[in-house]
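First to last, the protein sequences are chains A and B. Residue numbering for the first sequence follows my numbering, beginning at 1 and increasing consecutively. Residue numbering for the second sequence follows my numbering, beginning at 1001 and increasing consecutively. C-beta atoms are modelled at their ideal positions from N, C-alpha and C, and glycine is treated no differently.
Protein chains: 2
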Amino acid sequence: MPEPIRPTASPRVPLSRDRVLRAAMAVADEGGIAALTIRTLASALGVKPMSVYYYVQNKDEILDGIVDLVFSQIELPVIGRDWQPEMRRRAQSARLVLNDHTWAIALLQSRLNPGPATLRHHDAFIGTLRAAGFSVELTAHAFALIDSYVYGFALSDAALPIHGPDSVADTAASMMASYFDAEEYPHLLEFTVQHVLRPDYEFTAEFDYGLDLILDGLAKSAPESNGERR
Amino acid sequence: MPEPIRPTASPRVPLSRDRVLRAAMAVADEGGIAALTIRTLASALGVKPMSVYYYVQNKDEILDGIVDLVFSQIELPVIGRDWQPEMRRRAQSARLVLNDHTWAIALLQSRLNPGPATLRHHDAFIGTLRAAGFSVELTAHAFALIDSYVYGFALSDAALPIHGPDSVADTAASMMASYFDAEEYPHLLEFTVQHVLRPDYEFTAEFDYGLDLILDGLAKSAPESNGERR
DNA sequence: AAGCGTACAGTACATTGTACGAACCGTCCA
DNA sequence: TGGACGGTTCGTACAATGTACTGTACGCTT
Chain A
1 MPEPIRPTAS PRVPLSRDRV LRAAMAVADE GGIAALTIRT LASALGVKPM SVYYYVQNKD
61 EILDGIVDLV FSQIELPVIG RDWQPEMRRR AQSARLVLND HTWAIALLQS RLNPGPATLR
121 HHDAFIGTLR AAGFSVELTA HAFALIDSYV YGFALSDAAL PIHGPDSVAD TAASMMASYF
181 DAEEYPHLLE FTVQHVLRPD YEFTAEFDYG LDLILDGLAK SAPESNGERR
Chain B
1001 MPEPIRPTAS PRVPLSRDRV LRAAMAVADE GGIAALTIRT LASALGVKPM SVYYYVQNKD
1061 EILDGIVDLV FSQIELPVIG RDWQPEMRRR AQSARLVLND HTWAIALLQS RLNPGPATLR
1121 HHDAFIGTLR AAGFSVELTA HAFALIDSYV YGFALSDAAL PIHGPDSVAD TAASMMASYF
1181 DAEEYPHLLE FTVQHVLRPD YEFTAEFDYG LDLILDGLAK SAPESNGERR
């Protein structure tokens, strides 16, 4: 008889919706969102494809689920504390998390069903500003502005062809070779040579500049920061 | 014999790479990026699936192509003019264009091969700031900041479940019904009721607030705006 | 022991991208 | 006139994917 092999004494932890989602996230982290198929997911879990459908209605639910998992990793701002450092901390955390799971950025757009972690996140964000005395209107402004910047930065960052250890210079040089031959893009060329090709260039360092500018700008419209309202 | 039907005397304009890309864009506009398959595209062009492969290598090349088509629709800033109005105009144009082709936002991330329109766009952007006396470093800051905001805003906007004529109130109400039962998200609830549910609420109106804040912030570090440097 | 619900697996099918080669069709030389 | 040729389009086929439908093993209650 074919004995049911127990590989290295694993206690055969049973499947669960949570395990399915975590495995899905791991697969996407490893090979990108395109690598996340029901079959790869099932094999990562050590089961057959159709078994995951016992815990999930369809693949869309998996995508919704892992987006919410990503949100759950973002540090929440603490309601009641000074809004500016809290906003900065959560923005930086969000950037780091989205950097670790770049596939999530594109999903943000298509997934319209926020999960509990996403709602908690938004609630803390809004709550922090309201507790700091922001009006509803100003809170709306800040929400749209900060979130757009954070998501957009993560999007731009992920879209840069300079990730992994392949030298930036290589990439840029090949770009130049293919596109800049006719010097049709003089300013882009100058910019690339004088800035992007610098050995210490790091796009992510740009993040803080914009974040500070935005928070400073909001501070001018914000109430006094020492907790007193009106 | 089966006569070859010529539908309404069309002069049988021949296929071309350009027609393929334009048709692909039209299909994506109509049914979303998921509706863009080789078969739907071919049928929109009135040919058989494999015929489009004479003009493109593979589907990825189509995706790269339509992203570049989108960029070609964005109004370019004019190098030499006052940077601030030019930046504002191109940012607003970009927002409108991305709003008309929301599928392009997610593609921005995955498409790493910029086309000529994209490069022209970046060149004009950088050139406008450099001509206004911006240093390379400040140009880099402005580029990252403005582009992140524009893309991020388009992303956030597209992610809102309030598009089409379905009333905002309906959507928000159903959200509340499903999520806010236990009043687990009090601030989000208050925000939704007091702001999002307002009949005249328009998320897109938030765009100008953030854009102005960003441009104002940059202006403080920019050289004098009357074209004189140093 | 009988029955049953939970958790997984097997099989099958429609849809997708695309490789490969054949078929069409106008143009040019004989 | 005819035949060769090269550029364009099509037919067929296959592997990968999501998932519907059905089957089955195993623990628990009665």
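Extent of the continuous alpha helix (DSSP H) run through residue i
i: Ser1043/B; result: Ile1038 to Leu1045
i: Leu1218/B; result: Glu1206 to Ser1221
i: Glu137/A; result: Val136 to Ala159
i: His1187/B; result: Pro1186 to Phe1191
i: Val27/A; result: Arg17 to Gly31
i: Pro116/A; result: Pro116 to Ala131
Supposed contact pair residue j and residue i - C-beta distance, whole angstroms, cut 8 angstroms
i: Ser1156/B; j: Ser148/A; result: 5 angstroms
i: Leu1119/B; j: Leu188/A; result: 6 angstroms
i: Phe1028/B; j: Ala1035/B; result: The question names Phe, yet the displayed sequence has Ala at residue 1028/B. At roughly 7 angstroms, the Cβ-Cβ gap stays under 8 angstroms, so Ala1028/B and Ala1035/B are in contact.
i: Gly127/A; j: Ile79/A; result: 4 angstroms
i: Ile1214/B; j: Ile1146/B; result: 6 angstroms
i: Gly46/A; j: Asp1216/B; result: In fact, because the Cβ distance is near 56 angstroms, the residues do not count as touching under 8 angstroms.
i: Ala1159/B; j: Leu108/A; result: 6 angstroms
i: Leu249/A; j: Ala142/A; result: Only positions 1 to 230 of chain A appear in the structure, and residue 249/A is not among them; the question remains open.
i: Thr1139/B; j: Phe191/A; result: 7 angstroms
i: Arg1090/B; j: Ile1074/B; result: 7 angstroms
i: Val70/A; j: Ala44/A; result: With a Cβ gap of about 18 angstroms, Val70/A and Ala44/A do not count as contacting.
i: Val52/A; j: Ile38/A; result: 6 angstroms
i: Phe125/A; j: Pro77/A; result: 6 angstroms
i: Gly1065/B; j: Gly1115/B; result: 7 angstroms
i: Ala1154/B; j: Arg1095/B; result: 6 angstroms
i: Ser1110/B; j: Ala205/A; result: Going by Cβ atoms, the distance from Ser1110/B to Ala205/A rounds to 24 angstroms, so no, they are not a contact pair.
i: Gln1194/B; j: Val136/A; result: 5 angstroms
i: Gly231/A; j: Ala1144/B; result: What is shown of chain A runs 1 to 230, which leaves residue 231/A out entirely.
Whole alpha helix (DSSP H) elements within the region 1049-1114 of chain B, 4-residue minimum: 1059-1072, 1083-1100 and 1103-1110
Given 8 angstroms, three or more beta-carbon pairs between the region 1052-1065 of chain B and the region 1085-1103 of chain B: no
Can you give me, in chain order, the residues of the region 95-106 of chain A that have a beta carbon less than 8 angstroms from any beta carbon in chain B? Thr102, Ile105 and Ala106
Taking Cβ-Cβ distances below 9 angstroms as the criterion, which residues of the region 60-76 of chain A are in contact with chain B? none
When you check each C-beta in the region 108-128 of chain A against every C-beta of chain B, which residues fall closer than 9 angstroms? Leu108, Gln109, Ser110, Arg111, Leu112, Asn113, Pro114, Pro116, Leu119, Arg120, His122, Asp123, Ala124, Phe125, Ile126, Gly127 and Thr128
Listed in chain order, which residues of the region 182-199 of chain A have Cβ atoms closer than 9 angstroms to some Cβ of chain B? Glu184, Tyr185, Pro186, His187, Leu188, Leu189, Glu190, Phe191, Gln194, His195 and Val196
Give, in chain order, every residue of the region 1130-1141 of chain B whose Cβ lies closer than 9 angstroms to some Cβ of chain A. Arg1130, Ala1131, Val1136, Glu1137, Thr1139, Ala1140 and His1141
Closer than 8 angstroms, Cβ to any Cβ of chain B: which residues of the region 210-224 of chain A, in chain order? Gly210, Leu213, Ile214, Asp216, Gly217 and Leu218
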